[in-house]
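To start, the structure itself, in structure tokens.
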Amino acid sequence: MAGTTEAPSTNKAGLQKKDYAGSKSTLCVGCGHDLITARLIDAAFDNSLKPENLVKLSGIGCSSKTPAYFVSRSFSFNSVHGRMPSIATGTALANRNLKMIGVSGDGDTANIGMGQFVHVMRRNLNMVYIVENNGVYGLTKGQFSATADKGSKLKHGQVNHMHAIDLCALAVELGCGFVARLFAGNTKMMKQVLQAALAYKGTVLLDIISPCVTFNNHEGSTKSFPWMKSNELAMQDIGFVPAYDPHYEEMDHGDERVIKLGDGSKITIKALDKDYDPASRTGALQLLAQHHESGKVPTGVIYLAGETPRFVDHLGMVDVPLSSLKEDALRPAKSVLDEVMDSLA
Amino acid sequence: MATAQAAAPQTRTIVNDLVLHVATANGSGSQTSNMVLLRTLFQMGIPISGKNLFPSNIQGLPTWFTIRANKDGWIARKQDADIVVCMNPDTSDEDVETARKGAILIYEETLNLAGKRPDCIHYAVPFKKLIAEACPDVRLRKLVINMLYVGVCAQLFNFDMDEVRKAISTQLAGKQKAIDLNVPAVEFGYKWAAENLKKADPYRVERMDGNKGKIIIEGNAATALGLMFGGVSVVPWYPITPSSSLCEYLDEYLNKYRIQDGKRTFAVVQAEDEIAAAGMLAGAGWAGARAFTSTSGPGISLMTEIIGLAYFAEIPFVICNVARTGPSTGLPTRTMQGDLISLFYASHGDTKHIVVIPSTPKEAFEMGGEALNLAEEFQTPVFILSDLDLGMNYWMSDRFDYPTQPFRRGKVLDKEALDKLNGQWGRYRDVDGDGVAYRTYPGTDHPKAAYFTRGTGHTPDAAYSEKPEHWKANMDRLARKFATAKNRVPKPEVHSNGHAAGLIYFGTTTEAVREALAVLDHQHGLKLDLCRLRAFPFTQEVEDFLHSHERVYVVELNRDGQMRMTLNAELPRFAGKLRSVLHYDGMPLTADNVVQQVVSMEREK
Numbered sequence: 000m001a002g003t004t005e006a007p008s009t010n011k012a013g014l015q016k017k018d019y020a021g022s023k024s025t026l027c028v029g030c031g032h033d034l035i036t037a038r039l040i041d042a043a044f045d046n047s048l049k050p051e052n053l054v055k056l057s058g059i060g061c062s063s064k065t066p067a068y069f070v071s072r073s074f075s076f077n078s079v080h081g082r083m084p085s086i087a088t089g090t091a092l093a094n095r096n097l098k099m100i101g102v103s104g105d106g107d108t109a110n111i112g113m114g115q116f117v118h119v120m121r122r123n124l125n126m127v128y129i130v131e132n133n134g135v136y137g138l139t140k141g142q143f144s145a146t147a148d149k150g151s152k153l154k155h156g157q158v159n160h161m162h163a164i165d166l167c168a169l170a171v172e173l174g175c176g177f178v179a180r181l182f183a184g185n186t187k188m189m190k191q192v193l194q195a196a197l198a199y200k201g202t203v204l205l206d207i208i209s210p211c212v213t214f215n216n217h218e219g220s221t222k223s224f225p226w227m228k229s230n231e232l233a234m235q236d237i238g239f240v241p242a243y244d245p246h247y248e249e250m251d252h253g254d255e256r257v258i259k260l261g262d263g264s265k266i267t268i269k270a271l272d273k274d275y276d277p278a279s280r281t282g283a284l285q286l287l288a289q290h291h292e293s294g295k296v297p298t299g300v301i302y303l304a305g306e307t308p309r310f311v312d313h314l315g316m317v318d319v320p321l322s323s324l325k326e327d328a329l330r331p332a333k334s335v336l337d338e339v340m341d342s343l344a
Numbered sequence: 000m001a002t003a004q005a006a007a008p009q010t011r012t013i014v015n016d017l018v019l020h021v022a023t024a025n026g027s028g029s030q031t032s033n034m035v036l037l038r039t040l041f042q043m044g045i046p047i048s049g050k051n052l053f054p055s056n057i058q059g060l061p062t063w064f065t066i067r068a069n070k071d072g073w074i075a076r077k078q079d080a081d082i083v084v085c086m087n088p089d090t091s092d093e094d095v096e097t098a099r100k101g102a103i104l105i106y107e108e109t110l111n112l113a114g115k116r117p118d119c120i121h122y123a124v125p126f127k128k129l130i131a132e133a134c135p136d137v138r139l140r141k142l143v144i145n146m147l148y149v150g151v152c153a154q155l156f157n158f159d160m161d162e163v164r165k166a167i168s169t170q171l172a173g174k175q176k177a178i179d180l181n182v183p184a185v186e187f188g189y190k191w192a193a194e195n196l197k198k199a200d201p202y203r204v205e206r207m208d209g210n211k212g213k214i215i216i217e218g219n220a221a222t223a224l225g226l227m228f229g230g231v232s233v234v235p236w237y238p239i240t241p242s243s244s245l246c247e248y249l250d251e252y253l254n255k256y257r258i259q260d261g262k263r264t265f266a267v268v269q270a271e272d273e274i275a276a277a278g279m280l281a282g283a284g285w286a287g288a289r290a291f292t293s294t295s296g297p298g299i300s301l302m303t304e305i306i307g308l309a310y311f312a313e314i315p316f317v318i319c320n321v322a323r324t325g326p327s328t329g330l331p332t333r334t335m336q337g338d339l340i341s342l343f344y345a346s347h348g349d350t351k352h353i354v355v356i357p358s359t360p361k362e363a364f365e366m367g368g369e370a371l372n373l374a375e376e377f378q379t380p381v382f383i384l385s386d387l388d389l390g391m392n393y394w395m396s397d398r399f400d401y402p403t404q405p406f407r408r409g410k411v412l413d414k415e416a417l418d419k420l421n422g423q424w425g426r427y428r429d430v431d432g433d434g435v436a437y438r439t440y441p442g443t444d445h446p447k448a449a450y451f452t453r454g455t456g457h458t459p460d461a462a463y464s465e466k467p468e469h470w471k472a473n474m475d476r477l478a479r480k481f482a483t484a485k486n487r488v489p490k491p492e493v494h495s496n497g498h499a500a501g502l503i504y505f506g507t508t509t510e511a512v513r514e515a516l517a518v519l520d521h522q523h524g525l526k527l528d529l530c531r532l533r534a535f536p537f538t539q540e541v542e543d544f545l546h547s548h549e550r551v552y553v554v555e556l557n558r559d560g561q562m563r564m565t566l567n568a569e570l571p572r573f574a575g576k577l578r579s580v581l582h583y584d585g586m587p588l589t590a591d592n593v594v595q596q597v598v599s600m601e602r603e604k
């Protein structure tokens, strides 16, 4: 399979895997989030991302702590609860060249952060927005979040009677160009999709079911490892082909879909259900609705269209980061002030 | 024929000293007419101010525009108008009833107000009848009917018609059709008044030379210009009266004057709410842009969590609070200095902020740029405290001076600097002993450039820490930084002549205080020294002023004496000397109000 050749000890950026390491995780042993962190490190290394061009942003919660655990050579901002999207937007405005990874949780996104989530999905930033979704609050010890499924149970038996918020469906509806649902336990698929997401120039939503081993891994939970192992419906066999891979064109692609990403790399999607078209917005919404009924959790690329102009392009900004502009570009000439003063006299 | 009734025979002439009050309905297009009146007086060289007293409404509710023209330069609001133009039938009864004794009333003839207020001077004008003659097109009549009172006033009070025409051209710049419609309407009113009204009042204006080198501008436009010349680059904003026009002006100026090869050297973005606007500020300031937004009190409340984060994480940005009256919706179209404490100490867990306080458009211009400098120099949120009166009303101002000082971008390490340091640096180390540490911008191409930004406890090298000694040391450094800022913020304007009593004021109370001081001196024999605050933290000069006076009045537009409370808190040893002069009905301050309160307290002293 393309893109899975053994990684050299040094990548195209001249860096080793250890250059993408972070601090030691302080999350519970076995936490799904640590699986995501590990694959993020792999993906960043395999994509030869330059750590200096990457920023990591987060809100508050267990998930939001994780930017400390990968790529310490990158800038990071652990902000306030539910507001990561606006911090990311401001960062993108100041420096349009930065690649951003936003890490959030289900509470940080679907509860306190819903307002900012929906608006950032409308803005096409150069950001991978990862929701480490376990349906429960960890740091405050086990309350439901708004992604908890109807009928699922808390550790002490309390049942959720409300409909779950489907972040993938919302993202598709709001114009996000690349939406995937993943399971932290399916590390192979997660790694490929993370690589594609990091290569995509635009907002990517990755809703990753990432079980909480302490508060939501019991019988009756629909976000537990056992539940996901029995109910995950892996829809696709996904591959990632880096831009520099010389061999791909010669290979037999069979019935794979090949979608080219902004940096010249490609994602290959071999659908198990051949009728499912990830480029169809209505198809994506139908799929999600269908499985709300079935209880199964389809994983894979829910929606991926071609890349579209980004927020910063619509704003007509200069090509260099605004943060790099000096006084000569930022302060108009004296004649401008004279002109304005004359018009007011 | 319409006639003027004179309450008393005309005995004297009052030249270049009048308050003209125009009552109209909101959305009736009266703003243009009122601006033409204001501009004409300004162009004739008479010092003026124009205040829009409007409702929170788009169309239909009553609105008033009050113009004060005064040869001696007293342009604060006055409680009572000399001339009242009643164009709103819904309020005309009340407008007439509340007019001062002897006031001049100009109104629509059919309102039958002639019998009311025999103590006033009446000019009944058949506006509705006249507009039918002046403007044949029925659809356009309601757009130009207000121009008739401009013509009537011009005739009655001796406005120079050439200046009126020029004012219309300026006000409607580029809209020739509108100019061609409005000029004849004014001329029609002028001619009618000349032929039909008998002058029965003493007011007239004459050309003088009081406005040389002056401009007319709203404070919000002035602040916007200051920010543009100060190099603002990221402007996320959320609309809220009375701040919206600031970012709208800024957007307009930037689009006109900050384009490089067809591309923008800035980003103006409408955020989904004030929380998001604050988040974008924090992201942009963190990533090295000069970030700014404007808002009002309720917006500050929503931004407060992120303001606290930025204080602790040490991120520069500037917020202008164009303050309005009251909490929540309050009186959204009225003015107040009611957000002092909520700004000075905004957020949770020991926070204190740099706040600059302009009192004139020129100062708003200068402080707009300076606030950006202070924010980056001290790596912290900086506030500009304005209010509706400054922001949305029309002020005469000296022309602004082009800023000649270079930007102060603060302590930033770039790639070369990091190379020299061999990458040995710590984000929160107090290398220079002034409490201000060094920072790097995200994207800096050096393997040691990055650091981890968080609101939680951190070591001098930006590592996570919950250790008591780290927390306390960081808090003490932030206090040191604030102490450094005390010597860098704008100093107060002090006029001391050794009098026992002093008066502290700030912002838009300035014109009323200036006038009150002259009245206190000339009519009551009371002399006071003055100290106009221009920033928080209070500088040494403020302390010296308090020290050197027996008693000090603190003038402010709020109920609880928030500036006095702050002075008490920051400089407690002078607490016993302070007395409050308060005004909080939503209207701009008048000199009379200050005089009354000071005289009464001076009697009791």
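Protein chains in written order, with numbering that gives the first Met the number 0: chain Y, 0 to 344; chain D, 0 to 604. For every residue, glycine included, the Cβ atom is placed at its ideal position computed from N, Cα and C. Model, not experiment: these values are computed from the prediction.
For this session: With DSSP as the reference, please indicate the residues paired to Y128/Y in a beta bridge.
Result: G101/Y and L204/Y
Exercise. For G58/Y, which residues in chain D fall below 7 Å Cβ to Cβ?
Worked result: Here the premise fails: no neighbours, minimum Cβ distance about 10 Å.
Exercise. Could you give the distance in angstroms between the alpha-carbon of N473/D and the alpha-carbon of Q259/D?
Worked result: 42 Å
For this session: Alpha carbon to alpha carbon, how far is L153/Y from G89/Y? Give it in angstroms, no decimals.
Result: 37 Å
For this session: Figure out for me which residue from I47/D, E603/D and I383/D has the closest Cα to the Cα of F535/D.
Result: Of the listed residues, the one whose Cα sits closest to F535/D is I383/D.
Exercise. Using CA coordinates, which residue listed in G176/Y, I208/Y and A183/Y is at the minimum distance from A196/Y?
Worked result: G176/Y
For this session: In the DSSP assignment, find the alpha helix (DSSP H) that holds S334/Y and state where it starts and stops.
Result: First-last of the alpha helix (DSSP H) with S334/Y: K333 to L343.
Exercise. Are there three or more Cβ pairs, one per stretch, closer than 8 Å when the stretch 78–92 of chain D is compared with the stretch 106–122 of chain D?
Worked result: yes
Exercise. Using a beta-carbon distance below 8 Å, is Q115/Y in contact with chain D?
Worked result: At least one CB atom of chain D sits nearer than 8 Å to the CB of Q115/Y.
For this session: Flag D444/D as yes if its beta-carbon sits less than 8 Å from any beta-carbon of chain Y, otherwise no.
Result: yes
Problem set entry | Simplified DSSP state of R38/Y, which is helix, strand or coil | Here R38/Y sits in helix by DSSP.
Problem set entry | Outcome for T2/D when other beta-carbon atoms lying within 10 angstroms are tallied against a minimum of 16 | Note on T2/D: pLDDT 47, under 50, position unreliable in the model; the coordinate value appears next. Exposed is the call here.
Exercise. With 8 Å set as the bound, which would you pick, yes or no: does the beta-carbon of K333/Y sit closer than that to a beta-carbon of chain D?
Worked result: So yes, K333/Y belongs to the interface.
For this session: Tell me, please, whether the CB atom of I86/Y is closer than 8 Å to any CB atom in chain C?
Result: Absence of chain C from the displayed structure is noted, the protein chains being Y and D.
Problem set entry | 8 Å Cβ shell around R263/D - same chain, five flanking residues per side excluded | L253, N254 and R257
Exercise. Is DSSP giving T507/D helix, strand or coil here?
Worked result: helix
Exercise. With a Cβ-Cβ cutoff of 8 Å, do D543/D and T483/D count as a contact?
Worked result: It is not a contact, given that the beta carbons lie outside the stated cut-off.
For this session: Kindly say whether F69/Y, judged by its beta-carbon, lies nearer than 8 Å to any beta-carbon of chain D.
Result: No, F69/Y does not count as interfacial toward chain D.
Problem set entry | Contact with chain D by T90/Y, beta-carbon distance below 8 Å | yes
Exercise. Can you tell which of S32/D, P135/D, E555/D and Y401/D has the C-alpha that lies nearest to the C-alpha of S334/Y?
Worked result: Per the Cα distances, Y401/D.
For this session: Please check the pair G225/D and M366/D, which I expect to be a contact at CB under 8 Å, by giving their CB distance rounded to whole angstroms.
Result: 7 Å
Exercise. What is the DSSP secondary structure of T281/Y, counted as helix, strand or coil?
Worked result: helix
Exercise. Rounded to a whole number of angstroms, what is the C-alpha to C-alpha distance between P331/D and P297/Y?
Worked result: 50 Å
For this session: Pick out the complete alpha helix (DSSP H) segments inside the stretch 192–237 of chain D, 4 residues or longer, and give them in chain order.
Result: Correct list: 218–228.
For this session: Label L324/Y either buried or exposed according to how many other C-beta atoms from any shown protein chain fall within 10 Å of its C-beta, with 16 as the threshold for buried.
Result: buried
Exercise. Which of the residues in the stretch 157–188 of chain D, read from start to end, lie with their CB under 7 Å from any CB of chain Y?
Worked result: none
Exercise. What residues in the stretch 272–293 of chain D have a beta carbon less than 9 Å from any beta carbon of chain Y?
Worked result: D272, I274, A275, A276, A277, G278, M279, L280, A281, G282, A283, G284, W285, A286, G287, A288, R289 and A290
Exercise. Among the residues of its own chain, which have a CB less than 6 Å from the CB of S322/Y, if the five just before and after it don't count?
Worked result: Within the same chain, Cβ atoms closer than 6 Å to the Cβ of S322/Y are found at A93 and N94, the five residues on either side in sequence being excluded.
Exercise. By how many angstroms is the C-alpha of S168/D removed from the C-alpha of L477/D?
Worked result: 54 Å
For this session: With 7 Å as the C-beta to C-beta threshold (strictly closer), list the residues of the stretch 323–357 of chain D near chain Y in chain order.
Result: Of all residues in the stretch 323–357 of chain D, none places a beta-carbon less than 7 Å from a beta-carbon of chain Y.
Exercise. Where does V526/D land, buried or exposed, given buried means 16+ other C-beta within 10 angstroms?
Worked result: In the sequence under discussion, the amino acid at residue 526/D is Lys, which differs from the Val named in the question. That one is exposed.
Exercise. Whose C-beta lies closer than 7 Å to the C-beta of E273/D among residues of the same chain, with five residues either side of it excluded?
Worked result: For E273/D, where only same-chain residues beyond five positions count, the Cβ hits under 7 Å are Y237, T294, G298, L301 and M302.
For this session: Counting only the same chain and skipping the five closest in sequence on each side, list residues whose C-beta sits under 7 Å from that of V182/D.
Result: The answer, listed in chain order, is R164 and I167.
Exercise. Within the 8 Å Cβ cut-off, does F399/D reach chain Y?
Worked result: yes
For this session: Could you tell me whether the Cβ of M302/D comes closer than 8 Å to any Cβ of chain Y?
Result: no
For this session: Determine the closest residue to R453/D out of L39/Y, D41/Y and F74/Y, with distance taken between C-alpha atoms.
Result: For the residues L39/Y, D41/Y and F74/Y, the minimum Cα distance to R453/D belongs to F74/Y.
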